[in-house]
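Novice: In full-length UniProt numbering, the protein residues as written are 1 to 125.
Given below as structure tokens:
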């Protein structure tokens, strides 16, 4: 089991499941807020350990996103991590200009939570 990670998420399911074993930062807000938080950590020297857009679900389709970063700061900015999060933010912006995240029913929101959780769970395994 990997322990030297921090998980940043706006997904309640991911927060509930992962906070038993890992350091979890829960974001009250949308995917953009999650990406901004991840970017702030990268600026402080943390590295991305999962790609912010790692699932096949488009960033404007799901209101949930979970990203794993290094727990410890390396002290300097990892340019590869910074490029990935910046590109992810641009992709989100591009997709949202086309179509905002729909107002999904509760059952569909729960499905998106499960998808997001499962993708990260698989990455951890």
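From the three backbone atoms N, C-alpha and C, an ideal C-beta is built for every residue, glycine too.
Exposed or buried, what is residue 40 when buried is set at 16 or more other beta-carbons lying within 10 Å of its beta-carbon?
Specialist: exposed
Novice: Here's a check: name, in chain order, each residue in its chain whose Cβ is nearer than 6 Å to the Cβ of residue 101, leaving out the five neighbours to either side.
Specialist: These residues qualify, in order along the chain: 60 and 63.
Novice: Which residues does DSSP pair with residue 26 in a beta bridge?
Specialist: 9
Novice: Between which two residues does the beta strand (DSSP E) holding residue 55 run?
Specialist: Run containing residue 55: none; DSSP gives neither H nor E here.
Novice: Around the C-beta of residue 90, are 16 or more other C-beta atoms found within 10 angstroms, so that it is buried, or is it exposed?
Specialist: exposed
Novice: Could you say which of 113, 92 and 7 lies nearest to residue 53 if we only look at CA atoms?
Specialist: 92
Novice: Give the DSSP bridge partners of residue 68, in chain order.
Specialist: 7
Novice: Which residue's Cα is closest to the Cα of residue 48: 68, 76 and 16?
Specialist: 68
Novice: Give me whichever residues DSSP pairs with residue 48 in a beta bridge.
Specialist: 69
Novice: Should residue 56 go down as buried or exposed, given a rule of 16 or more other Cβ atoms within 10 Å for buried?
Specialist: Exposed, by the Cβ-count rule.
Novice: Measure the beta-carbon distance from residue 43 to residue 84 and round it to whole angstroms, keeping in mind my assumption that it falls under 8 Å.
Specialist: So it is not a contact: roughly 13 Å between Cβ atoms.
Novice: Assuming residue 30 and residue 10 are in contact, meaning their beta carbons sit under 8 Å apart, how far apart are those beta carbons, in whole angstroms?
Specialist: Rounded to whole angstroms, the Cβ separation of residue 30 and residue 10 is 7 Å, and the two are in contact under 8 Å.
Novice: Please tell me whether residue 23 and residue 71 are closer than 7 Å, where the distance is taken between their beta carbons.
Specialist: yes
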